[in-house]
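In what follows, a structure is listed as structure tokens, so that the remarks can point back to it.
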Amino acid sequence: MAQQSEQAESQSGEQTCARPGTETIATYVLNTGRSLPKAIDDRLTPQKGNRLNGRNLMVRPDRGNCTSCHAVEDIRKKARTADSTSVTRFGLQGTIGPALDNVASKYTEGELRLLIVNPQIALPTANSVMPAYHHIAGRKRVKKECEGHAILSASEVEDVVAYLMTLKDEQ
Amino acid sequence: MNGARRRMLAITVTASVTFICPFFAAAADGLTQPATSKDKRHPLSEIWSGKRYASETARALHDAAEENPANGVLADGALLWRREAGDEGKSCQSCHNKPSFSMRSAGTRYPKYYKPWKKPMTLAQRINRCRTAYMRAKPWPEGARSLISMTTYVRHQSRRTPVRPQVDGRATPFFKRGELAFGTRIGQANMSCANCHQAYQGKRLGARTLSQGQSNGFPAYVLSGGSMSTLHQQFQRCNARVGAEPLPLGSEEYVNLELYLSWRGQGLPVETPAVRD
Chain X
0 MAQQSEQAES QSGEQTCARP GTETIATYVL NTGRSLPKAI DDRLTPQKGN RLNGRNLMVR
60 PDRGNCTSCH AVEDIRKKAR TADSTSVTRF GLQGTIGPAL DNVASKYTEG ELRLLIVNPQ
120 IALPTANSVM PAYHHIAGRK RVKKECEGHA ILSASEVEDV VAYLMTLKDE Q
Chain B
0 MNGARRRMLA ITVTASVTFI CPFFAAAADG LTQPATSKDK RHPLSEIWSG KRYASETARA
60 LHDAAEENPA NGVLADGALL WRREAGDEGK SCQSCHNKPS FSMRSAGTRY PKYYKPWKKP
120 MTLAQRINRC RTAYMRAKPW PEGARSLISM TTYVRHQSRR TPVRPQVDGR ATPFFKRGEL
180 AFGTRIGQAN MSCANCHQAY QGKRLGARTL SQGQSNGFPA YVLSGGSMST LHQQFQRCNA
240 RVGAEPLPLG SEEYVNLELY LSWRGQGLPV ETPAVRD
């Protein structure tokens, strides 16, 4: 049954929630944004993120799971119709959030960083359903294995930011 | 019959049909026509079954009676109905005879407040109550194949009949708890039922389209799991999906939520066993 297979996956040893870096939140400063009220201009980690890993984090259901809500054409075009592996990985994109094509032209890097870390701070009036990816406090009834862990670590957030910064129209 | 009388008869019949037919006109099937609630508090102006948001495959399997993947479960239920169990040497049939008659509205009326327990009771819990109190048989465990089969079989007897929730009177505090639970954000992802099933109904989440989260089709055959699922098992999957700790099947919180959902989906026809993605 689906319920059992989900449990089996998380018990098989493959790190789902308890990954290094997810148990602490990086300290960050909120700056003023350009089109949003706030942003996080400084990187959460000393080194720049890896954009290829960022793309992978976005499609993995047990990491960012971003494409289940957001369409990204740059990812969707990797789905080849006859290949169910690539279709399930890249092709099944959602329509709950806005499409992210050209998002790096719409927002600054700092605004994108804050949108991932805590969209409730980035979009204070939206009552957004988007989860706060780098946040731990104030959660009710968290799955035991995920308690005290953020969905993405600071370096994983930087990876996603690095990938999102490639999504701009070539001018 | 002479001409005048024939005319009178024709007029009477036509008038009767004209006035009576509207009462039997297209009942809301929740698929092509929504159900509606007169209650001003109701959050949905149009109440749609999950069937409306299901894939073509799922709908086709449900529409063709011989193709429903849950048919084996219904057959098991029919056998269990006739099987004697417990110290009284009785079967369901001993007291309830033909299920298509005796159970025809049972599937529309649960959960409902049960005085001896001072709280609501689900259909599955009612079945077990019959086993323990009247058959003096052991109750079936929540999630057991036998209980799912019998619950599916019994609720199936109410198919196409509109859900009529019983959420007032003594059920009120439990209904309110269920309503609160529906809107409470939980889990690592910090999401509530309402976040998806109220705000984003009709939008795509990955491979599937978000429904209103109605319960009229449960227990249902869920294609992605390749098995039957009770409503509480679906709650557990939803909870796991947002990184929340699932609760036990039959727990009070789940029963209260189920009570709220019966009100939220009022007027929808019972579709058990529905086929969902």
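Chains X and B, in that order, are what the protein sequence lines are. Numbering-wise (numbering that gives the first Met the number 0), the first sequence opens with residue 0 and increments by one. Numbering-wise (numbering that gives the first Met the number 0), the second sequence opens with residue 0 and increments by one. From the three backbone atoms N, C-alpha and C, an ideal C-beta is built for every residue, glycine too.
- Cβ-Cβ separation between Gln-265 (chain B) and Ala-105 (chain B): approximately 17 Å, too far for a contact (criterion under 8 Å).
- The region 162–249 of chain B contains, as complete beta strand (DSSP E) runs of 3+ residues, the segments 219–221 and 226–228 (chain order).
- In the three-state reduction of the DSSP assignment, Met-102 (chain B) falls in the coil class, being assigned neither a helical nor a strand state.
- Here Leu-146 (chain B) has Ala-123, Ile-126, Asn-127, Trp-139 and Pro-140 as same chain residues with Cβ atoms under 8 Å from its own Cβ, once five neighbours each way along the sequence are excluded.
- DSSP places Met-120 (chain B) in no alpha helix (DSSP H) but in the uninterrupted beta strand (DSSP E) bounded by 118–120.
- Bounds of the alpha helix (DSSP H) holding Tyr-162 (chain X) are 153–163.
- Per DSSP, the continuous alpha helix (DSSP H) segment holding Tyr-152 (chain B) begins and ends at 144–155.
- In this chain, Lys-105 (chain X) is not harboured by any beta strand (DSSP E); it is covered by the alpha helix (DSSP H) spanning 102–105.
- Counting only runs that start and end inside the region 83–141 of chain X, the alpha helix (DSSP H) elements of at least 4 residues fall at 102–105, 108–116 and 118–121.
- Taking 8 Å as the Cβ-Cβ cut-off, the region 196–224 of chain B approaches chain X at Ala-198, Tyr-199, Lys-202, Arg-203, Leu-204, Gly-205, Ala-206, Leu-209, Val-221, Ser-223 and Gly-224, given in chain order.
- Shown here is that no member of the region 20–35 of chain X has a Cβ falling below 8 Å from a Cβ of chain B.
- In the DSSP assignment, the residues bridged to Thr-31 (chain X) are X:Lys-37.
- Chain order gives no chain B residues near Pro-97 (chain X), where near means a beta carbon separation below 7 Å; the closest approach is about 11 Å.
- For the pair Gly-109 (chain X) and Arg-236 (chain B), the Cα-to-Cα distance works out to about 35 Å.
- Within chain X, the residues whose beta carbon sits less than 9 Å from that of Gly-186 (chain B) are Pro-130, Arg-138, Lys-139, Arg-140, Val-141, Lys-142 and Cys-145, listed in sequence order.
- Proximity of chain X to Gly-242 (chain B) at the Cβ level (cut-off 7 Å) is accounted for by Val-141, Lys-142 and Cys-145, in chain order.
- Annotation: Asn-255 (chain B) has no Cβ neighbours in chain X at a cutoff of 9 Å; minimum Cβ distance is about 15 Å.
- Note on Ser-228 (chain B): 16 or more other CB atoms within 10 angstroms of its CB, so buried under the neighbour-count rule.
- Less than 8 Å divides the Cβ of Trp-262 (chain B) from the Cβ of Val-166 (chain B).
- In the DSSP assignment, Arg-275 (chain B) is bridged to B:Val-221.
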